[in-house]
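Q:
In the working numbering, the protein residues as written are 38 to 803.
(1) Select from 260, 545, 576 the residue whose C-alpha is nearest the C-alpha of residue 328.
(2) Tell me which residue opens and which closes the alpha helix (DSSP H) that residue 291 is part of.
(3) Between residue 87 and residue 156, is the Cβ-Cβ spacing less than 9 angstroms?
(4) Would you list the one or two residues that DSSP bridges to residue 886?
(5) From the DSSP secondary-structure annotation, give me the bridge partner or partners of residue 361.
(6) Who are the near neighbours of residue 584 in its chain, counting only those whose CB is closer than 7 angstroms to its CB and skipping five residues on each side?
(7) If I measure Cβ to Cβ from residue 532 and keep anything under 7 angstroms in the same chain, skipping five residues before and after, which residues do I get?
(8) Might you give, ordered along the chain, the residues of its own chain that have their beta carbon closer than 6 angstroms to the beta carbon of residue 394, omitting 5 neighbours on each side?
(9) May I ask you to report which of helix, strand or coil DSSP gives residue 238?
(10) For residue 682 and residue 370, what's the separation of their Cα atoms in angstroms?
(11) Helix, strand or coil for residue 12, going by three-state DSSP, please let me know.
(12) Per DSSP, what kind of secondary structure is residue 246 in: helix, strand or coil?
(13) Is it true that the CB of residue 316 sits closer than 9 angstroms to the CB of residue 411?
(14) Please classify residue 717 as buried or exposed, where buried requires at least 16 other C-beta atoms within 10 Å of its C-beta.
(15) The beta strand (DSSP E) spanning residue 105 covers which residue range?
(16) Is residue 283 buried or exposed, if buried means 16 or more other CB atoms sit within 10 Å of its CB?
(17) Does DSSP classify residue 522 as helix, strand or coil?
(18) Which residues does DSSP list as the beta-bridge partners of residue 612?
(19) Under 9 angstroms between the Cβ atoms of residue 470 and residue 447?
(20) Would you please state the rounded distance, in angstroms, between the beta carbons of residue 580 and residue 540? I believe it to be under 8 angstroms.
(21) Taking only three categories from DSSP, how would you classify residue 65?
(22) Reducing DSSP to helix, strand and coil, say where residue 691 ends up.
(23) Go through the stretch 317-351 residue by residue and report every complete run of the beta strand (DSSP E) that reaches 3 residues or more, in order.
(24) Give the DSSP bridge partners of residue 792, in chain order.
(25) Compute the Euclidean distance between the alpha carbons of residue 124 and residue 260, then round it to the nearest angstrom.
(26) Helix, strand or coil: how does DSSP classify residue 829 here?
(27) Helix or strand or just coil, what does DSSP make of residue 706?
(28) Excluding the 5 residues preceding and the 5 following residue 430 in the sequence, name in chain order all residues of the same chain whose CB lies nearer than 8 angstroms to its CB.
(29) Between residue 358 and residue 311, is the Cβ-Cβ spacing less than 9 angstroms?
(30) On the premise that residue 89 lies in contact with residue 736, defined as a C-beta separation below 8 angstroms, what is that separation, rounded to the nearest angstrom?
(31) Where does residue 505 fall in DSSP's three states?
(32) Secondary structure at residue 370, three-state DSSP: helix, strand or coil?
(33) Looking only at C-alpha atoms, which of 209, 656, 146, 611 sits nearest to residue 640?
(34) Assuming residue 218 and residue 235 make a contact with CB atoms under 8 angstroms, what is their CB distance in whole Å?
(35) Are the beta-carbon atoms of residue 759 and residue 734 separated by less than 9 angstroms?
(36) Expressed to the nearest angstrom, what Euclidean distance is found between the alpha-carbon atoms of residue 738 and residue 66?
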């Protein structure tokens, strides 16, 4: 890794400049914020890499071991690899590997005096997981002899308190203890520690005291942690039959795809409205759950995933109100094989930040969260989802999480891999396991073979080839029974299922779906344009059993009464050749609200609109048809509503990132060469640009060197100032001004030049 400690680099920018394009690309892929927008040169890149917000994001990627090694670098200041290994409670090779990872992330660099953390890491680390309690800024390090003497002077109670604070992230609330007190006046164990500098107040924020880094080292016996940090918590597992896991997962995968298709088809015919705040109403979600015969959280999962996959969108209905309907892409998706449809849904779910498990719950303001609303988002959820499933897939085939203890062990291992992740990690992991089981990725807490291939990034054809043989084969027939039901002995072919749903009602779903023929279902088919001959031919062709006589009678009776009454536009009129049919309807006890009156023996008129009259007549058992002005029958086959498919998806994110980062690396090299040409000197520190000025200031901050700066004050007066940098954040340089012999803030945009002053060098008189 780089050069030896005897040579090292002058700055982080120099170290980055020495890297190959491949290594720079890896850095920018791991820390994408560094390349957005593309940095001008390596000084600009190094400066951006030390900004607190960027460092915080990089720290979120570290394991407990890597955080601890970085903390040890901060505590040590600058050190060699071997000295660093003695500070970290881990195997030396593990420590060295973690250091290499930190260097690759530009969180540590090799100076001429040894390895050190970049500026800004100490503040960003705080007292989080893997930190030993950092030395607050402005306090000088303690001498070993002085520190040992202070520890020996402590009472047993104070020493026990110190050990307790050290073991609990080196931070505590001082309570009523006096923060400034002499050792002789200390009245409590806390005041003993404060008086001897073994606890020190934080200089900012709330009333909190922390243990300085060297004190924590002394209490822990020279290490930054009491326990070993390279031991990954084990994942507790138990044997599972791979064939059973694959079979259960395949069944769940098939049901998930079928239910998504069923729900979207239903919404294509009878779409729910879009709430003013966006999303789906609570009643509509409950109706969807009842239709699919699943819990509301599962229905929300299917809705959210279908929307993210571009299969569900919104459009205006005939009245101009926005409604949720399938998109044009749904028809293409529905025609694909089940395995291909499953892959699209699951890949969308894996990368979705949506939290359907929260649909229907109350937020802090006691407002109900709704599915498809903008509030159901957790940005860190996809990473947790991928990490949890990748760890689960790392178990060998035939192993699954142990009952009861398995999920907590998975959470514990994730906590080691990403200690700084949000507090909701455990909840997110449990959601992931439950939703993965609904999709058929996981069964019996083990990853199925198709899911394992999908998580490993296998091609779609390869995943489909693994899943397709496990799915039930579609059937092309039903079994008609004398009780007017038809039993589908397996999943029906898509076209047959649609035809059957137009002439019969689904009574129950499961491994064998049961359809029931009723007068209303047959009338529905006639409304869609079916004829008696087509109905008889259809039931005969799809049944492996003889057509029962009751079904034949039902079809004939319904056809005989169908169209006896005709409805036209008056407000509405009813006409029939059979006077008896109209008389029965006119005197029906439930027809009072229809506003009917007789104009002639075969004609009635109504005072209500035709679109209201038709369904009311059907509720009374009539089978009316609509008549056109020329007396012909109007058969209106309703067209399913469709929304516009979202625009074409962008290129895969990984490909876009590689393209962007390749351009950023090229721009870095070009900017560095251009800077050298402009300056006329090979030393990039002499370039007078905002980026190079920041690079010089950060280098001086890291190396604890003085800097000679040119500065223009508020009155426009230019002067040279010899300063000792203390901090660089928020567009200001906090430094000790040697001219005023006091600390002050210099606005970076007013600094016209900056030159580091090496120790012992006499700068020009400011």
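Heads up, the beta-carbon is just placed ideally off N, CA and C, and yes, glycines get one too.
A: Short version:
(1) Mapped onto the chain shown, residue 328 falls at position 291. Of the listed residues, the one whose Cα sits closest to residue 328 is 545.
(2) Taking the chain shown and counting its residues from 1, one reaches residue 291 at position 254. Segment 279-306, the alpha helix (DSSP H) holding residue 291.
(3) Mapped onto the chain shown, residue 87 falls at position 50. Mapped onto the chain shown, residue 156 falls at position 119. Taking 9 angstroms as the Cβ cut-off, residue 87 and residue 156 qualify as a contacting pair.
(4) The structure shown does not extend to residue 886, since the chain is modelled only from 38 to 803, so the question has no answer here.
(5) In the chain shown, residue 361 corresponds to position 324, counting from 1. Residue 361 pairs with 351.
(6) Residue numbering aside, residue 584 sits at position 547 when the chain shown is read from its first letter. Closer than 7 angstroms at Cβ, skipping near neighbours: 517, 576, 577.
(7) Counted from its first residue, the chain shown places residue 532 at position 495. No residues qualify anywhere along the chain.
(8) Along the chain shown, one-based indexing puts residue 394 at 357. Contacts found: 334, 468.
(9) For the purposes of this step, residue 238 is identified with residue 201 of the chain shown, where counting begins at 1. Three-state DSSP puts residue 238 in a strand.
(10) Taking the first residue of the chain shown as position 1, residue 682 is located at position 645. Taking the first residue of the chain shown as position 1, residue 370 is located at position 333. Answer to the nearest angstrom: the Cα atoms are 12 angstroms apart.
(11) The question about residue 12 has no answer, for the chain in this structure spans 38 to 803.
(12) As a position in the chain shown, residue 246 is number 209, starting the count at 1. If DSSP states are grouped into helix, strand and coil, residue 246 belongs with the strands.
(13) Taking the first residue of the chain shown as position 1, residue 411 is located at position 374. Taking the first residue of the chain shown as position 1, residue 316 is located at position 279. Their beta carbons are under 9 angstroms apart, which means residue 411 touches residue 316 by this criterion.
(14) Position 680 of the chain shown, counted from the first residue, corresponds to residue 717. Per-residue confidence for residue 717 stands at a pLDDT of 44, beneath the threshold of 50, marking its modelled position as unreliable; no derived number is given.
(15) Taking the first residue of the chain shown as 1, we reach residue 105 at position 68. That residue, residue 105, is in no beta strand (DSSP E); its alpha helix (DSSP H) goes 101-113.
(16) In the chain shown, residue 283 corresponds to position 246, counting from 1. Residue burial annotation: residue 283 is buried, with at least 16 other C-beta atoms found within 10 angstroms of its C-beta.
(17) The residue labelled residue 522 in the question sits at position 485 within the chain shown. Three-state DSSP puts residue 522 in a strand.
(18) For the purposes of this step, residue 612 is taken as residue 575 along the chain shown, with counting starting at 1. In DSSP, residue 612 forms a bridge with 603, 640.
(19) One-based indexing of the chain shown puts residue 470 at position 433. One-based indexing of the chain shown puts residue 447 at position 410. Yes, the Cβ-Cβ distance between residue 470 and residue 447 is below 9 angstroms.
(20) As a first step, residue 580 is located in the chain shown; it is residue number 543 there, counting from the start. As a first step, residue 540 is located in the chain shown; it is residue number 503 there, counting from the start. The pair is not a contact, with the Cβ atoms about 12 angstroms apart (cut-off 8 angstroms).
(21) Here residue 65 refers to the residue found at position 28 of the chain shown. Three-state DSSP puts residue 65 in a helix.
(22) Against the chain shown, residue 691 aligns to sequence position 654. At residue 691, the pLDDT of 49 sits below 50, so the modelled position is not reliable and the matter cannot be decided from this model.
(23) Fully enclosed beta strand (DSSP E) runs of 3 or longer: not present.
(24) Within the chain shown, numbered from 1, the residue matching residue 792 stands at position 755. The partner list for residue 792 (beta bridge, DSSP) reads 745.
(25) One-based indexing of the chain shown puts residue 124 at position 87. One-based indexing of the chain shown puts residue 260 at position 223. Between residue 124 and residue 260, the alpha-carbon positions lie close to 4 angstroms from each other.
(26) Because residue 829 is not part of the residues shown, which for the chain are 38 to 803, the question remains open.
(27) For this step, residue 706 is matched to residue 669 along the chain shown. In the structure shown, the three-state DSSP call for residue 706 is helix.
(28) Working through the chain shown from its first residue, we reach residue 430 at position 393. Closer than 8 angstroms at Cβ, skipping near neighbours: 484, 488, 489, 492, 493.
(29) Working through the chain shown from its first residue, we reach residue 358 at position 321. Working through the chain shown from its first residue, we reach residue 311 at position 274. Result yes, Cβ atoms of residue 358 and residue 311 sit closer than 9 angstroms.
(30) Start at 1 with the first residue of the chain shown, and residue 736 comes out as number 699. Start at 1 with the first residue of the chain shown, and residue 89 comes out as number 52. The pair is not a contact, with the Cβ atoms about 17 angstroms apart (cut-off 8 angstroms).
(31) Counting from one through the chain shown, the residue named residue 505 turns up at place 468. It is helical.
(32) Locating residue 370 in the chain shown gives position 333, where the first residue counts as 1. Of the three classes helix, strand and coil, the one that applies to residue 370 here is helix, per DSSP.
(33) Reading the chain shown from its first residue, position 603 is the one you call residue 640. It is 611.
(34) Against the chain shown, residue 218 aligns to sequence position 181. Against the chain shown, residue 235 aligns to sequence position 198. With 8 angstroms as the limit, residue 218 and residue 235 do not qualify as a contact, their Cβ atoms being about 13 angstroms apart.
(35) Counted from its first residue, the chain shown places residue 759 at position 722. Counted from its first residue, the chain shown places residue 734 at position 697. No, the Cβ-Cβ distance between residue 759 and residue 734 is not below 9 angstroms.
(36) In the chain shown, counting from the first residue as 1, residue 738 sits at position 701. In the chain shown, counting from the first residue as 1, residue 66 sits at position 29. One C-alpha to the other measures close to 27 angstroms.
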